[in-house]
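Trainee: To convert, note that position 19 of the sequence shown is 19 in full-length UniProt numbering; the numbers rise steadily by one, no gaps. C-beta: ideal position from N, C-alpha, C; glycine also.
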Amino acid sequence: MLATPRPRSAFSNAQIAAYFYSPCRDQYGEPVPEYFRCRCGKVRKQTSRNGFTNLMQHVRSEHPTFQGEMLAATTAQTGSVAHYACRTAMNRFGWLEWIVKANLLLMFCENAFARRYTSLEPISVENLRALLEGVNQRG
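#1: Quick check on the burial criterion: 16 or more other C-beta atoms within 10 angstroms. Buried or exposed for Q137?
#2: Report all residues from its chain with a CB closer than 6 Å to the CB of N13; omit the five preceding and five following residues, and keep chain order.
#3: Just to check my reading of the structure: L120 and L106 have Cβ atoms closer than 8 Å, yes? What is that Cβ distance to the nearest angstrom?
#4: Based on Cα-Cα distance, which residue from A10, V32, C38 and G134 lies nearest to A18?
#5: Taking the continuous alpha helix (DSSP H) assigned at F113, which residues delimit it?
#6: Roughly how far, in whole angstroms, is the beta-carbon of K42 from the beta-carbon of N54, given that I think they are within contact range, below 8 Å?
#7: For Y117, which of W98, V135 and E34 has the nearest alpha-carbon?
#8: What does DSSP give as the partner residues of V43 in its beta bridges?
#9: Give every residue of the same chain whose Cβ lies closer than 7 Å to the Cβ of H58, excluding the five residues on either side of it in the sequence, and list them in chain order.
#10: Note the first and the last residue of the continuous beta strand (DSSP E) segment covering Y21.
#11: Exposed or buried, F113, counting other C-beta atoms within 10 Å across all chains shown (16 or more means buried)?
#12: Between F66 and C40, what straight-line distance do the alpha-carbon atoms span, to the nearest angstrom?
#13: Apart from the five residues just before and just after I123, which ones in its own chain have a Cβ nearer than 6 Å to its Cβ?
#14: Return the chain-ordered ranges of every alpha helix (DSSP H) run that is complete within the segment 45-70 and spans a minimum of 4 residues.
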C-alpha cells in the first residue's frame with residue numbers, strides 16, 4: 001500500500017519559520033543562539049544541523065491552519081508572493097516550465113509516471129496546448 005504524499009506547501013520551511021518564530025533574547029537584549037520563540041509563546045531549540053525540523057514539527061502540530069494564516073498575511077510578513085498567484089496559475093506554470101525547459105513532448109503531462117512523481121495537479125494535453133498558444137500570442 002502506498003502512502004499518499006503530503007501536499008506541497010505554498011511556503012518554504014524557512015519562510016514558515018521566519019513568520020512564526022523570532023530569536024529568544026537574554027536579559028541584555030542579545031539573541032540567544034539556537035533558541036526561538038513561536039508567536040504562541042512556545043520556545044524551541046533549533047540547531048543548524050537539524051534544519052527546520054523542530055520548528056516545523058511544532059508549527060504543524062500546534063498551528064494546523066498555518067498555511068491559511070500565512071496566505072492571509074502580507075508579503076512583508078511572509079516573504080512570499082505566493083498568495084498573489086492563484087494555485088491554478090502556479091500549477092499551469094509548473095507544467096509549462098517543466099515541459100519547455102526539459103524539452104519534453106506535450107503528452108508527457110498525461111504520462112502516469114510523470115503524474116505519480118510530481119506534486120503538480122494533472123493537466124490535459126489540450127489545456128497545455130492552449131496555454132502554450134496563449135503564451136506564444138502574447139510573447
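Mentor: In short:
#1: Under this definition Q137 is an exposed residue.
#2: Excluding positions up to five away in sequence, the list reads F52 and M56.
#3: That pair is no contact at about 14 Å.
#4: Closest by alpha carbon: C38.
#5: From DSSP, the alpha helix (DSSP H) with F113 extends over A112 to R116.
#6: Contact between K42 and N54 is absent: CB atoms are separated by about 11 Å, not below the 8 Å threshold.
#7: For the residues W98, V135 and E34, the minimum Cα distance to Y117 belongs to W98.
#8: V43 pairs with R37.
#9: Excluding sequence positions up to five before and after H58, its CB lies within less than 7 Å of the CB of C38, K42 and R44, all in the same chain and listed in chain order.
#10: Element bounds for Y21: Y21 to R25.
#11: Exposed, because fewer than 16 other Cβ atoms sit within 10 Å of the Cβ of F113.
#12: Distance from the CA of F66 to the CA of C40, rounded to the nearest whole angstrom, comes to 12 Å.
#13: Cβ contact annotation for I123 (same chain, cutoff 6 Å, sequence separation greater than five): W95 and C109, in chain order.
#14: With a minimum length of 4 residues, the continuous alpha helix (DSSP H) runs that stay inside the segment 45-70 are 53-62.
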